[in-house]
Amino acid sequence: MQQELVYEVKDNIATIRLNRPEKLNAFTGEMLHAWHDALLESEQRDDVNVVVLTGTGKGFCSGGDVGSFAERHGVETAYSRKQSLAHRVHRIPLLMERMDKPVLVAVNGVAAGAGMDMALMGDIRIAARSARFAETYVRMGIFAGDGGAWYLPRIVGVPMALELLFTGRFVDSDEAKQLGLVNRVVDDDQLMEATYEMAANIASQPPLAIKMMKRAVYQSMHIDLRTHLDLASSHMGTIFTTEDHKEAVAAFREKRKPVFKGC
34 MQQELVYEVK DNIATIRLNR PEKLNAFTGE MLHAWHDALL ESEQRDDVNV
84 VVLTGTGKGF CSGGDVGSFA ERHGVETAYS RKQSLAHRVH RIPLLMERMD
134 KPVLVAVNGV AAGAGMDMAL MGDIRIAARS ARFAETYVRM GIFAGDGGAW
184 YLPRIVGVPM ALELLFTGRF VDSDEAKQLG LVNRVVDDDQ LMEATYEMAA
234 NIASQPPLAI KMMKRAVYQS MHIDLRTHLD LASSHMGTIF TTEDHKEAVA
284 AFREKRKPVF KGC
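Numbering (the working numbering), first residue to last: 34 to 296.
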């Protein structure tokens, strides 16, 4: 039986690959559990500095499997549906919010509905030229319940977020770049090479410094400047005591490439 999700670690980079290409990687309950477990393992492993998320085939993720929607009618109560989201989909953004390790998303095709939301949960997005994005919930007569209504306005601003949520229209890769939905657009056959090149660059940096920078950026979105600077001074005090900082200074003086150990 085909694995619905493939997980591997190489050169301090963990790759999570959604693997239902025949369904444009529409997720199932089993895939969501495997997705969460892969993220949790990446968070806990000392040999993982960066996580790459992508999909197999022509699509990144088309969201929930629409074919299963009709089966739920008359079976699920409002409360059971709420619990299902909390215990399956919502575990992923909550875990990703907690993770200090960078998550790069390589969007290799359509990212729709919850699939777009999953892409937005990453820290950096690189899109294939063929990639398309849409918050398609409205087309199914449902609400953007997987995080899109939280992530989208923080990335593109409230007016544009509402336009995309209200209309469910598709955004191509060029418009996605213009709106700030993605960091970079590359030709389809260059997507993974470009993604791993960036991931390798980040993975080669001092891990603790990367973690604290990511933490500081996301913390700063919810606090005032004075509180941010207070936290930053604490982070800096900690970083100055690390072996990686000492190694960076020594390597600079000795004109050699530093070797970081994450301590």
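Glycine is no exception: its CB is placed at the ideal position from the N, C-alpha and C atoms.
Excluding the five sequence neighbours on either side, which residues of its own chain have a C-beta within less than 6 Å of the C-beta of lysine 43, listed in chain order? The answer is none, since no qualifying residue turns up.
Using a Cβ distance threshold of 8 Å, determine whether the region 228 to 242 contacts the region 79 to 87, with at least three qualifying pairs required. Yes, the region 228 to 242 touches the region 79 to 87.
Which residues bound the alpha helix (DSSP H) around lysine 288? DSSP places lysine 288 in no alpha helix (DSSP H); its state is neither H nor E.
What is the C-beta distance between valine 218 and leucine 212, in whole angstroms, given that I count them as a contact (C-beta under 8 Å)? Cβ atoms of valine 218 and leucine 212 stay farther apart than 8 Å, at about 12 Å.
Could you check the C-alpha separation between phenylalanine 293 and valine 136 for me, to the nearest Å? Cα-Cα distance, rounded: 20 Å.
Could you give the distance in angstroms between the alpha-carbon of methionine 245 and the alpha-carbon of threonine 110? So the two alpha carbons sit approximately 42 Å from each other.
DSSP-derived helix/strand/coil call for aspartate 44: Here aspartate 44 sits in coil by DSSP.
Helix or strand or just coil, what does DSSP make of leucine 137? Note: leucine 137 maps to strand in three-state DSSP.
If glutamate 76 and lysine 115 are in contact, beta carbons under 8 Å, what's the gap, nearest whole angstrom? The beta-carbon separation of glutamate 76 and lysine 115, rounded to 26 Å, does not stay under the 8 Å limit for a contact.
Under a Cβ-count criterion, where at least 16 other Cβ atoms within 10 Å of its own Cβ denotes burial, should glycine 92 be classed as buried or exposed? Buried, since its Cβ has 16 or more Cβ neighbours within 10 Å.
When the Cα of glycine 96 is compared with those of Phe166, Arg124, Glu41, which residue comes out closest? It is Phe166 whose Cα lies nearest to the Cα of glycine 96.
Asparagine 141 classed as buried or exposed, judged by whether at least 16 other C-beta atoms fall within 10 angstroms: Counting of Cβ neighbours within 10 angstroms places asparagine 141 among the buried residues, the total reaching 16 or more.
Suppose you measure from the CA of arginine 78 to the CA of alanine 59; what does that come to, to the nearest Å? Cα to Cα, the separation comes out at about 28 Å.
Of the choices Gln252, Leu224, Glu230, His66, whose alpha-carbon is the least far from that of glycine 88? Ranking Gln252, Leu224, Glu230, His66 by Cα distance to glycine 88 puts Leu224 first.
What number of angstroms, rounded off, separates the C-alpha of threonine 169 from the C-alpha of valine 143? Their Cα atoms are separated by approximately 11 Å.
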